[in-house]
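Single-structure report; data block below.
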Amino acid sequence: MGEAPSGILHYNLDKLGDSNNGALLVTALGDNEIQSFKLNVHSLLNHRLSSSRNFYPVGLAVDNRGGVIATDWASVSYAVHGKGRIWRISNPEKDEKIERLSSFKNPSKKDLLGLLNSPDFRIRSETADFIFSKRRVKPMDYFQSEDLGDHGKMDIIWSAQLNNHESLSDLLESGTKEENSLLRSAAVRMMVDKKIVSEEQFFIELIGKDASPYVIREAIYGLTRIIHRPPILGLIMGC
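Just so you know, the sequence shown maps onto residues 16 to 254 in this note's numbering.
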């Protein structure tokens, strides 16, 4: 890559082939291409979408059909020249409108769980907010459903936090028991930020029993008293 990317997009849809599902799309203006990286510990360039020397991609976004919208400066000149273009990148075989909440008149629990499992984070977020807007709906019934994936669970927690919902404490406690370590760590971080738990013993026990470094790191933020510093420093030095 010749220079720092001006556009970065995490593409978590299946509209552009398996190789791009979950990939990081990056605009490489100086190389006249959009590059795709698979996210691993050491990410390697997956493939490129190249064009002519007059292709200078800048920004990236996802449209309502799962295609990628790319802005194109269209010139090597940095001066305002009026030659800019907008491109849409799509797969003709999967170029259909993505089903979202507005597609349902009276969505059932099954419908909402399906939307919460959408690979499109915008749909998951919209659905989670809808659930919290309903008085008679119990968010925990959705969170603990066997049909809900980790992404949907995370969106329910985020929405509960943003809406200051009364179920937030119970959702976070349940989140600390999830199998996914990133979900557990996010729940612990919210507990600290929102001061859901005041007893530091709770965080000490988490540090002692949870093997995930992500969870341990967030739990440490819940310890504020000086008395806890020596054992925590010992834990860190022993890593």
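We put the CB at the ideal spot given by N, CA and C, even for glycine.
| field | In DSSP terms, what Leu40 is bridged to | value | In the sequence shown, the residue the question calls residue 40 occupies position 25. The bridge partners DSSP lists for Leu40 are Leu24 and Ser51.
| task | Mind the definition here: the stretch 225-232 touches the stretch 180-199 only if three or more C-beta pairs lie below 8 Å; say whether that holds. | result | Flag = yes, the stretch 225-232 and the stretch 180-199 touch.
| task | Give me the Cα-Cα distance between Arg63 and Ile49, rounded to the nearest whole angstrom. | result | Counting from 1 along the sequence shown, the entry for residue 63 is found at position 48. Counting from 1 along the sequence shown, the entry for residue 49 is found at position 34. Looking at the two C-alpha atoms, the distance is approximately 6 Å.
| Three-state secondary structure (DSSP) at Ser182? | By one-based count along the sequence shown, residue 182 stands at place 167. When secondary structure is reduced to three states using DSSP, Ser182 falls in the coil class, being assigned neither helix nor strand.
| task | To the nearest angstrom, report how far apart Gln216 and Asn178 are at their CA atoms. | result | On the sequence shown, residue 216 is found 201 positions in, with the first residue counted as 1. On the sequence shown, residue 178 is found 163 positions in, with the first residue counted as 1. Put simply, the backbone Cα of Gln216 is about 28 Å away from that of Asn178.
| field | Cβ separation of Tyr26 and Val73, assumed to be a contact under 8 Å, to the nearest whole Å | value | The sequence position of residue 26 within the sequence shown is 11, counting from 1. The sequence position of residue 73 within the sequence shown is 58, counting from 1. In this structure, Tyr26 and Val73 do not form a Cβ contact; the two beta carbons are roughly 17 Å apart against a cut-off of 8 Å.
| 8 Å CB neighbourhood of Ser66 in its chain, flanking five on each side removed | The sequence position of residue 66 within the sequence shown is 51, counting from 1. Hits under 8 Å: Asn47 and Glu48.
| query | Taking the alpha-carbon positions, what's the Ile172 to Thr191 distance? | reply | Residue mapping note: residue 172 aligns to position 157 of the sequence shown, counting from 1. Residue mapping note: residue 191 aligns to position 176 of the sequence shown, counting from 1. Approximately 11 Å, taken between the alpha carbons.
| Would the stretch 137-145 and the stretch 110-127 be scored as touching if the rule is three or more Cβ pairs under 8 Å? | By the Cβ criterion, the stretch 137-145 is in contact with the stretch 110-127, since at least three pairs of Cβ atoms, one from each stretch, lie closer than 8 Å.
| field | Pair within 8 Å by beta-carbon distance, Ser51 and Ala43 | value | Position 36 of the sequence shown holds residue 51. Position 28 of the sequence shown holds residue 43. Result no, Cβ atoms of Ser51 and Ala43 do not sit closer than 8 Å.
| task | Could you tell me if Val203 is buried or exposed, where buried requires 16 or more neighbouring beta carbons within 10 angstroms of its beta carbon? | result | Position 188 of the sequence shown, counted from the first residue, corresponds to residue 203. It is buried - the Cβ of Val203 has at least 16 other Cβ atoms within 10 Å.
| query | Got a sec? Which residues, its chain only, sit under 8 Å from Glu193 by beta carbon, not counting five neighbours each side? | reply | The residue labelled residue 193 in the question sits at position 178 within the sequence shown. Scanning its chain for C-beta atoms nearer than 8 Å, with the 5 sequence neighbours on each side dropped, one finds around Glu193 the residues Asp165, Lys168, Arg199 and Ala202, in chain order.
| request: Could you pull out every residue in the same chain whose Cβ sits closer than 6 Å to the Cβ of Phe6, ignoring the five residues on either side in sequence? | output: The structure shown does not extend to residue 6, since the chain is modelled only from 16 through 254, so no value can be given for it.
| request: Closer than 6 Å by C-beta to Ile138: which residues in its own chain qualify, once you throw out the five before and the five after it? Chain order, please. | output: As a first step, residue 138 is located in the sequence shown; it is residue number 123 there, counting from the start. For Ile138, where only same-chain residues beyond five positions count, the Cβ hits under 6 Å are Arg115 and Leu130.
| Where His96 falls: helix, strand or coil (DSSP) | Within the sequence shown, the letter at position 81 stands for residue 96. It is coil, neither helix nor strand.
| query | In this structure, does DSSP put Ile138 in helix, strand or coil? | reply | What you label residue 138 is simply residue 123 of the sequence shown in a count that begins at 1. Shown here, Ile138 sits in a helix according to DSSP, grouped into three states.
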